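**Q** I'd like to ask some things about the structure below.
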Amino acid sequence: MTLAMSDYELLKAALETVREAVLITDNQLDRPGPYIVYANPAFCKLSGYTIEQLAGQTPRLLQGPETDAGLMRTLRQQLLAGEEFSGETINYRKDGSSFRMQWKIRPFPATGQPRYFIAAQRDVSVMRNLEQQRQQLQALVEIQTQVGTAGLDLQAMRDQVAEVAMAVTGADGAAVEEAEHGEMVYTASSGRAADSLGLRLPVAGSLSGSCYLQRESIHCRDTHHDPRVAKAAADKVGFRSGLLVPLTHKEQCFGVLKVYSAQPDAFSDDDLKLLNMASQLLASSLADARLFKGERDRRTLLVDSLPILISFVDQQLYYREINVAYTRWYNRPIEQIVGKQVAEVMGQTQFEDIQHYMLSALSGERVTFEYHLLQADGAAKPVEIEYTPLRSTKGEVQGFYEMIRDISDRKHAEQDYLTGAFNRKGFDDRLEMVCTTARRYRRPLALIFLDVDHFKRINDTFGHGIGDDVLRALVKALLNEVRDSDIVSRWGGEEFAVLAPETTMSEALDLAERLRLALSKHQFDIVGQITASFAVGEFDHQETGNDFMRRVDAALYDAKAGGRNRVARAN
1 MTLAMSDYEL LKAALETVRE AVLITDNQLD RPGPYIVYAN PAFCKLSGYT
51 IEQLAGQTPR LLQGPETDAG LMRTLRQQLL AGEEFSGETI NYRKDGSSFR
101 MQWKIRPFPA TGQPRYFIAA QRDVSVMRNL EQQRQQLQAL VEIQTQVGTA
151 GLDLQAMRDQ VAEVAMAVTG ADGAAVEEAE HGEMVYTASS GRAADSLGLR
201 LPVAGSLSGS CYLQRESIHC RDTHHDPRVA KAAADKVGFR SGLLVPLTHK
251 EQCFGVLKVY SAQPDAFSDD DLKLLNMASQ LLASSLADAR LFKGERDRRT
301 LLVDSLPILI SFVDQQLYYR EINVAYTRWY NRPIEQIVGK QVAEVMGQTQ
351 FEDIQHYMLS ALSGERVTFE YHLLQADGAA KPVEIEYTPL RSTKGEVQGF
401 YEMIRDISDR KHAEQDYLTG AFNRKGFDDR LEMVCTTARR YRRPLALIFL
451 DVDHFKRIND TFGHGIGDDV LRALVKALLN EVRDSDIVSR WGGEEFAVLA
501 PETTMSEALD LAERLRLALS KHQFDIVGQI TASFAVGEFD HQETGNDFMR
551 RVDAALYDAK AGGRNRVARA N
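So in UniProt numbering, spot 545 of the sequence shown is number 545, and the numbers just go up one at a time.
Structure, rendered in C-alpha cells:
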C-alpha cells in the first residue's frame, strides 16, 4: 500500500520541516506488517536509516533485547481498538546502539477504519539519564542523612549501613561483613539476614571473600547458575541473587556490604551502580566509627583526667554523657546523672537561672557565661560555663557539649585586695563578655557607677584605716542588694561599678535608687551615715564596651555636679 501522490506531497511539505521524528505505516497490524510508507528526515537522523532503507520495512527492525514486549502487546491492542497509543521503551539504531524512545501513535483518519498509523517519536535518553542521576543523588543524600543518625557508635553505624543498603535496593536482606582471621564475619545484618549476625564465611572460596580480596563489586544474578556460590548454603539463607561491594577507605578494604533477594535477577545494574557510589560514603563512615571506637577509651581516660566538668546534653535537656568530674562534683554515681534531666541533677532553682543559656545553645549559638554553681554539700563555687552546639550532618542541632571550669583561683586573682569585690581587670574582662552576650542575643544590660560623696573628708577626719573599713562595709551593703548574677567591682579609690545583665534602664534606675537609699540609711562604724552619687546607663547594642563606660562615667560627673546623693541617667 502507498500514499496517493497528492497526499504524499502535502505530508512531505509539512513533515520534513518539523524537528520531531515522524513515521507512517500502513494499517496491517498482523505480522509481518505493518509496513513503513514514510519517514521524515528527523526520523532518519534518529534511527540512522535512510528513507530507502526504511520503505517497505516493519518498525520491528528498531526493536531489540531490551524493548518492552509487554508494552508492544499493549500498543497492538490499543491500535486494533481504534485508540491512540503513547508509551516509552528501548529502541535500537542501525548501528546497534540503544536509545530510550517516547512516542505517540494516532490512527488516520481518526474515525472509521484507519488507513494509516502516524507515529511521532523523540529520543528521551538524555532526559531519563538526568532523571536517574538526580534520583541517585537524592538517594545518596538520603543515605548520608540516615547513616549520620548513628553518630560515631560503631555498632549503630554497622546496623544503619545494613538497613540503608537494604532500603535503597529493595533487597530482602543485607549484611556488613568484616574480615577477621581469615574469615568474613557478619558484624551487622538486616531483613532476612537478621538471624545471621556473627555468621562466619571463609575468605577463600566464598563470594564475599572474592569481593574482599579482589576489591571488585559482584553482581550475582542467580546463585543456581553461578559456579562461585555454594548453592546449598545460599538457599539456606534465602540468597538467590545479590550485590556485593567492597568497603574500601583510603586504599584499605576492611569488609564487604552485601544485599540479596530470594528471587533470581532481583537487582539491576543501576542498583549496583548506586550501591557502588554509596559504598564510598558508607566505608568512610564505618572507618570513622571504627577509628572512634579504637580511640574512645583513650579519650575517655584523657577526659576523665581533666579538672573540668564535661557533659553532653540532648535536645530534651537530658544528660547523655558525663566525665568523672561530674560524679565528684555532685557526689553521685554516673547512673544517677546520665539519663536524668538537668533540672533534676542541679536543682530547679539553679536550672531556671541558666535555662535561657541552654535554650540559646539548642538554637545553635555558642554560649559562655559565669555562674556560682552549687556542689553536693551546698557550697557554691564560681565557675565558667561554656555550651557548644552539636549539629547533625543535616545541620540540625542535636544537643550541646557543656564544659564547666572552677574559676575560684582566677576570681581570687581578680578580686580587689581590700574589699573583695572585683578589681579593675576583673571588671574589664567581664564587661567584654557580657557586652558580647547582650549584643548577640539582643538582651538588656545595665551599668551603674557610684562614687562615695566627700570620701576625702572621712580619711582626713578619721584616718585611712577607718576609710578602708567604710569601703569594705560599703561593698557588703552593695552585695546584699544586688543579684548573684550582677558584677560588683571597685573601679578605683572610692568609685565602684555594678554590671547588671538582663536589666533594663527602668530596672537599673530602681536598683540604683535602692542602693542609694540603703547606703544613706546604713550606720557605718565610727563614721555613721554616708551618701553616694550614682549614674545609670543601658547598653546600646551598636556601641563598644568602652563607649558604654564613657557614657555612664559622664553621667556620674553630672550627678556629683548636680548636688551629689542622687541618681543621674546616662544619655
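Glycine included, C-beta positions come from ideal geometry on N, C-alpha and C. What you are looking at is a predicted structure, and each value in this text was computed from that prediction instead of being measured.
(1) Assign N27 to one of three DSSP states: helix, strand, or coil.
(2) Note the first and the last residue of the continuous beta strand (DSSP E) segment covering G492.
(3) According to DSSP, is P41 part of a helix, a strand, or is it coil?
(4) Since H356 is in the alpha helix (DSSP H), which residue starts that stretch and which ends it?
(5) Report the residue from N546, M184, G537 whose alpha carbon sits nearest the alpha carbon of L199.
(6) Please determine, among R73, V338, N331, R122, the residue with the shortest C-alpha to C-alpha distance to E321.
(7) Could I get the ranges of all uninterrupted alpha helix (DSSP H) runs contained in the UniProt domain "GGDEF" (443-571), with 4 residues as the minimum, in chain order?
(8) Check this for me: beta carbons of A165 and V229, under 7 Å apart or not?
(9) Can you tell me whether A570 is buried or exposed, with buried defined as 16 or more other CB within 10 angstroms of its CB?
(10) Could you have a look at G82 and say whether DSSP puts it in helix, strand or coil?
(11) Please report how far the alpha carbon of E494 lies from the alpha carbon of L418, in whole angstroms.
(12) Counting along the chain, where does the beta strand (DSSP E) carrying A188 start and finish?
(13) Taking the straight line between their C-alpha atoms, what separation do you get for A512 and V488?
(14) Measure the C-alpha to C-alpha separation of G465 and V527 and round it to an integer number of angstroms.
(15) Helix or strand or just coil, what does DSSP make of D314?
(16) Going by beta-carbon coordinates alone, are E352 and T368 separated by less than 7 Å?
(17) Short check: CB of residue 588 to CB of L243, under 7 Å?
(18) Would DSSP call T327 helix, strand or coil?
(19) Which same chain residues, not among the five before or five after K236, have their C-beta less than 7 Å away from its C-beta?
(20) How far does the beta strand (DSSP E) with G198 in it reach, from first residue to last?
(21) Please identify the residue among A175, D406, G399, E66 whose C-alpha is closest to the C-alpha of R100.
(22) With a cut-off of 8 Å, do at least 3 Cβ pairs link the region 506-520 to the region 401-411?
(23) Within a Cβ cutoff of 7 Å, which residues of the same chain sit near A167, ignoring the five residues on either side of it in sequence?
(24) Run through DSSP, which three-state label would F427 get?
(25) If I'm right that R122 touches A21 with Cβ under 8 Å, what's the distance once you round it to whole angstroms?
(26) Whole angstroms are fine: how far does the CA of A262 sit from the CA of H225?
(27) Based on DSSP bridge pairs, tell me the residues matched to Y371.
(28) Taking Cβ to Cβ, would you say I308 is nearer than 7 Å to M433?
(29) Pick out whichever of L450, A266, V37, G364 has its Cα sitting closest to the Cα of R564.
(30) Give the secondary structure of P389 by DSSP, where H, G and I count as helix, E and B as strand, and everything else as coil.
(31) Under DSSP, the beta strand (DSSP E) around G420 begins and ends at which residues?
(32) In its own chain, which residues sit with a C-beta less than 6 Å from the C-beta of G238, not counting the 5 before and 5 after it?
(33) Return the chain-ordered list of same chain residues with a C-beta closer than 8 Å to the C-beta of D453, the five sequence neighbours on each side being excluded.
(34) Taking just the CA atoms, how far does A278 sit from L137?
(35) Counting pairs of Cβ atoms below 8 Å between the region 22-41 and the region 102-120, do you hit three or more?
(36) Is A421 closer than 7 Å to V475 when the C-beta atoms are compared?
**A** In terms of the structure at hand:
(1) The count along the sequence shown starts at 1 and reaches residue 27 at position 27. It is coil, neither helix nor strand.
(2) Indexing the sequence shown from 1 puts residue 492 at position 492. For G492, the enclosing beta strand (DSSP E) stretches over residues 487-492.
(3) The residue labelled residue 41 in the question sits at position 41 within the sequence shown. The answer is helix: DSSP assigns P41 an H, G or I state.
(4) The count along the sequence shown starts at 1 and reaches residue 356 at position 356. Unbroken alpha helix (DSSP H) run through H356: 348-362.
(5) Taking the first residue of the sequence shown as position 1, residue 199 is located at position 199. It is M184 whose Cα lies nearest to the Cα of L199.
(6) The residue labelled residue 321 in the question sits at position 321 within the sequence shown. Among R73, V338, N331, R122, the Cα nearest to that of E321 is on V338.
(7) Taking only runs of at least 4 residues, the alpha helix (DSSP H) segments lying wholly in the UniProt domain "GGDEF" (443-571) are 455-462, 464-481, 505-521, 545-561.
(8) Taking the first residue of the sequence shown as 1, we reach residue 165 at position 165. Taking the first residue of the sequence shown as 1, we reach residue 229 at position 229. Not a contact, by the Cβ cut-off of 7 Å.
(9) Residue mapping note: residue 570 aligns to position 570 of the sequence shown, counting from 1. Classified as buried, A570 has 16 or more neighbouring CB atoms from the shown chains inside 10 Å of its CB.
(10) For the purposes of this step, residue 82 is taken as residue 82 along the sequence shown, with counting starting at 1. Of the three classes helix, strand and coil, the one that applies to G82 here is coil, per DSSP.
(11) Against the sequence shown, residue 494 aligns to sequence position 494. Against the sequence shown, residue 418 aligns to sequence position 418. Computed Cα separation, rounded: 11 Å.
(12) Along the sequence shown, one-based indexing puts residue 188 at 188. Taken as a continuous stretch (DSSP letters only), the beta strand (DSSP E) holding A188 covers 183-191.
(13) For the purposes of this step, residue 512 is taken as residue 512 along the sequence shown, with counting starting at 1. For the purposes of this step, residue 488 is taken as residue 488 along the sequence shown, with counting starting at 1. Approximately 13 Å, taken between the alpha carbons.
(14) Taking the sequence shown and counting its residues from 1, the one referred to as residue 465 is at position 465. Taking the sequence shown and counting its residues from 1, the one referred to as residue 527 is at position 527. So the alpha carbons of these two residues sit roughly 12 Å apart.
(15) Counting from 1 along the sequence shown, the entry for residue 314 is found at position 314. Looking at D314 - three-state DSSP - the assignment turns out to be strand.
(16) Counting from one through the sequence shown, the residue named residue 352 turns up at place 352. Counting from one through the sequence shown, the residue named residue 368 turns up at place 368. Cβ atoms of E352 and T368: not closer than 7 Å.
(17) Only positions 1 to 571 of the chain appear in this structure, which leaves residue 588 out of reach.
(18) One-based indexing of the sequence shown puts residue 327 at position 327. Looking at T327 - three-state DSSP - the assignment turns out to be helix.
(19) Locating residue 236 in the sequence shown gives position 236, where the first residue counts as 1. Excluding positions up to five away in sequence, the list is empty.
(20) Position 198 of the sequence shown, counted from the first residue, corresponds to residue 198. Unbroken run through G198: none, as it is neither H nor E.
(21) As a first step, residue 100 must be located in the sequence shown, where it is residue number 100. Looking at A175, D406, G399, E66, the one whose alpha-carbon comes closest to that of R100 is E66.
(22) No, they do not touch.
(23) As a working mapping, residue 167 is identified with position 167 in the sequence shown. Hits under 7 Å: none found.
(24) The count along the sequence shown starts at 1 and reaches residue 427 at position 427. Note: F427 maps to helix in three-state DSSP.
(25) Here residue 122 is taken as the residue at index 122 of the sequence shown, counted from 1. Here residue 21 is taken as the residue at index 21 of the sequence shown, counted from 1. That pair is a contact at about 6 Å.
(26) To locate residue 225, count along the sequence shown from 1; it is residue 225. To locate residue 262, count along the sequence shown from 1; it is residue 262. CA-to-CA, the gap between H225 and A262 works out to about 14 Å.
(27) Sequence index remark: in the sequence shown, residue 371 carries index 371 (1-based). Its beta-bridge partners are V383.
(28) Counted from its first residue, the sequence shown places residue 308 at position 308. Counted from its first residue, the sequence shown places residue 433 at position 433. The criterion of a C-beta distance shorter than 7 Å is not satisfied by I308 and M433.
(29) Your numbering for residue 564 matches position 564 in the sequence shown. Scanning L450, A266, V37, G364 for the CA closest to the CA of R564 turns up L450.
(30) For the purposes of this step, residue 389 is taken as residue 389 along the sequence shown, with counting starting at 1. P389 sits in a strand when the DSSP states are folded into three classes.
(31) Locating residue 420 in the sequence shown gives position 420, counting from the first residue. DSSP places G420 in no beta strand (DSSP E); its state is neither H nor E.
(32) Indexing the sequence shown from 1 puts residue 238 at position 238. The beta carbon of G238 lies closer than 6 Å to those of R192, A262 in the same chain, with the five residues before and after it left out.
(33) One-based indexing of the sequence shown puts residue 453 at position 453. Correct list, in chain order: I530, T531, A532, S533, K560, R564, N565.
(34) Within the sequence shown, numbered from 1, the residue matching residue 137 stands at position 137. Within the sequence shown, numbered from 1, the residue matching residue 278 stands at position 278. With a pLDDT of only 45 at L137, under the threshold of 50, the placement of this residue in the model should not be trusted; the figure read from the coordinates follows. CA-to-CA, the gap between L137 and A278 works out to about 10 Å.
(35) Yes: at least three Cβ pairs fall under 8 Å.
(36) Position 475 of the sequence shown, counting from 1, holds the residue named residue 475. Position 421 of the sequence shown, counting from 1, holds the residue named residue 421. Yes.
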